[in-house]
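Presented below is the structure to which this report refers.
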Amino acid sequence: MSEMEMTKPYVWLQTSDGSTQQVEQDIAMFCPFICEELQKGMGSSKNCAVCLPQQVSSPMWSLILNYCRFHQAPGRSNKERKSYDDSFVKIDTNMLCELACAAHSLQFRPLIDLTSRALARIIEKRSPEEIRSIFRVPDDLTEEEKLEPLLNITDDPSIRLLNRLYAKKRRELLKERESIKKNVDVEEDERSVDDLLSFINGDPKEIKTTSKNKKKRKKGQHKKNVKVNGHDDIGNQSAETDKPFETSGLHGDFMVEFDDDNSDDIDDEIDPALQARIDREVEEFARRLNCSLQERIQDFSSSAQERILA
Numbered sequence: 001m002s003e004m005e006m007t008k009p010y011v012w013l014q015t016s017d018g019s020t021q022q023v024e025q026d027i028a029m030f031c032p033f034i035c036e037e038l039q040k041g042m043g044s045s046k047n048c049a050v051c052l053p054q055q056v057s058s059p060m061w062s063l064i065l066n067y068c069r070f071h072q073a074p075g076r077s078n079k080e081r082k083s084y085d086d087s088f089v090k091i092d093t094n095m096l097c098e099l100a101c102a103a104h105s106l107q108f109r110p111l112i113d114l115t116s117r118a119l120a121r122i123i124e125k126r127s128p129e130e131i132r133s134i135f136r137v138p139d140d141l142t143e144e145e146k147l148e149p150l151l152n153i154t155d156d157p158s159i160r161l162l163n164r165l166y167a168k169k170r171r172e173l174l175k176e177r178e179s180i181k182k183n184v185d186v187e188e189d190e191r192s193v194d195d196l197l198s199f200i201n202g203d204p205k206e207i208k209t210t211s212k213n214k215k216k217r218k219k220g221q222h223k224k225n226v227k228v229n230g231h232d233d234i235g236n237q238s239a240e241t242d243k244p245f246e247t248s249g250l251h252g253d254f255m256v257e258f259d260d261d262n263s264d265d266i267d268d269e270i271d272p273a274l275q276a277r278i279d280r281e282v283e284e285f286a287r288r289l290n291c292s293l294q295e296r297i298q299d300f301s302s303s304a305q306e307r308i309l310a
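This is how it looks when you write it as structure tokens:
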């Protein structure tokens with residue numbers, strides 16, 4: 001190290017990641033932020049180093065320091081400086097953004113202008129989607145916000161045409177949403193609150209419904225309940241019957257009941273001849289069911305003989 005370099009004053013600086021280093025004072029004073037800190041008495045020793053802003057990490061400070069040293073060196077032509085500046089900002093987009101933030105925090109105007117022009121060239125003639133992709137900016141705008149008209153103070157024809165296009169797209173978006181609402185069929189439950197509570201609680205009672213479709217399905221249904229009561233569990237049963245049959249068998253008293261629900265409606269729909277045949281078969285079935293064991297054996301023997309003769 002030469003005697004001139006040894007006599008140069010140095011200042012101590014600390015970056016945001018904790019790295020501490022000595023820098024020539026005349027180079028460090030390129031940044032107004034550092035000048036203000038030196039005037040406060042900071043940077044004279046390692047224990048009293050100038051703390052750089054949070055945006056200035058060790059890699060960013062290294063780039064800024066190289067930029068300052070190149071432009072501080074005497075004998076550089078403007079062409080050389082311009083060529084250096086052009087190559088200096090040809091870095092990764094994320095790093096360029098970090099460098100711009102670091103220069104802004106240090107109030108370093110020449111580097112702020114240089115990085116801003118480089119970012120402007122990247123953004124120029126690109127769509128919002130491309131800009132978000134380059135800078136990894138999340139798309140938090142709704143469709144309506146994207147189609148908001150642009151402010152056209154200078155009455156630019158291109159902006160005027162773009163606003164017309166946005167207005168057309170807004171109308172199309174509104175029509176599309178209205179058509180979706182019309183096509184959505186909302187099914188309303190017409191059951192009462194008591195019926196719904198019974199259904200939720202698992203009530204075994206039949207839940208009545210006012211749906212017309214269910215009434216149509218129920219109409220025309222023919223349901224016959226055959227109840228055979230015997231021994232100990234028949235004492236307390238008393239059902240309404242149309243045709244009761246009572247007799248005595250070998251094991252106790254039996255009663256056969258036939259309940260026809262909605263018989264009036266069914267009789268109007270069934271052919272009379274078919275109804276008579278059904279009635280005969282029902283009566284025959286009831287007779288056989290209520291007859292004694294001996295009578296059943298006789299009926300079985302007679303029917304077997306008839307089949308043999310036939």
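All the letters of the sequence shown, read from the start, carry residue numbers 1 to 310 under full-length UniProt numbering.
For each residue, glycine too, the CB sits at the ideal point set by N, CA and C.
Own chain, CB closer than 6 Å to residue i, minus 5 neighbours either side, in chain order
i	result
aspartate 265	Legend: pLDDT at aspartate 265 = 49, less than 50; position of this residue unreliable, no value from coordinates given.
serine 19	Ser58
glutamine 14	Thr20, Ala49, Cys51
proline 272	none
aspartate 17	Ser57, Ser58
Short Cβ contact (9 Å threshold) for residue i with residue j
i	j	result
arginine 117	valine 89	yes
alanine 120	isoleucine 112	no
leucine 147	tyrosine 166	yes
glycine 43	isoleucine 34	yes
glutamine 107	cysteine 48	no
arginine 164	asparagine 152	no
proline 149	alanine 102	no
Cβ shell of residue i (< 7 Å), same chain only, five flanking positions each side left out
i	result
tyrosine 67	Phe88, Leu111
proline 157	none
proline 9	Gln25
leucine 162	Leu150
leucine 63	Leu99
arginine 81	His71
Proximal residues to residue i (C-beta, below 8 Å), its chain only, five neighbours per side dropped
i	result
residue 319	This structure gives no information on residue 319, because the portion of the chain shown stretches from 1 to 310.
leucine 65	Val23, Ile27
glycine 235	Reliability of the predicted coordinates at glycine 235 is poor, the pLDDT of 43 falling under 50, and the value obtained from them is presented with this limitation in mind. Here the set comprises nothing.
serine 83	none
glutamate 143	Leu173
glutamine 298	none
lysine 46	Trp12, Thr20
residue 311	No statement about residue 311 is possible, as the shown extent of the chain runs from 1 to 310 and does not include it.
lysine 182	none
Closest by C-alpha distance to residue i, when choosing among the options
i	options	result
cysteine 97	Ile123, Lys82, Ala73	Ile123
isoleucine 91	Pro74, Phe70, Leu114	Leu114
glutamate 36	Ser16, Val11, Thr154	Val11
threonine 95	Asp85, Leu38, Met60	Before going further, note that residue 95 is methionine rather than threonine in the sequence given. That would be Met60, whose Cα lies nearest to the Cα of methionine 95.
Beta-carbon separation (whole angstroms), residue i vs residue j, contact threshold 8 Å
i	j	result
serine 105	valine 56	6 Å
Enclosing beta strand (DSSP E) for residue i [first to last residue]
i	result
glutamine 54	No beta strand (DSSP E) contains glutamine 54, which DSSP labels as neither H nor E.
alanine 13	The amino acid occupying residue 13 in the given sequence is leucine; alanine does not appear at that position. Counting along the chain, the beta strand (DSSP E) containing leucine 13 begins and ends at 10–14.
residue 340	In the structure displayed, the chain extends from 1 to 310; residue 340 sits before or after that span and is not available.
Span of the alpha helix (DSSP H) around residue i
i	result
glutamate 145	143–146
threonine 115	109–123
leucine 196	193–200
leucine 173	157–183
leucine 38	32–39
serine 62	58–72
serine 44	That residue, serine 44, is in no alpha helix (DSSP H); it is neither H nor E in DSSP.
asparagine 78	78–88
asparagine 152	Taken as a continuous stretch (DSSP letters only), asparagine 152 belongs to no alpha helix (DSSP H), as it is neither H nor E.
alanine 276	272–290
leucine 106	Note, leucine 106: premise wrong, no alpha helix (DSSP H); not H, not E.
serine 133	128–135
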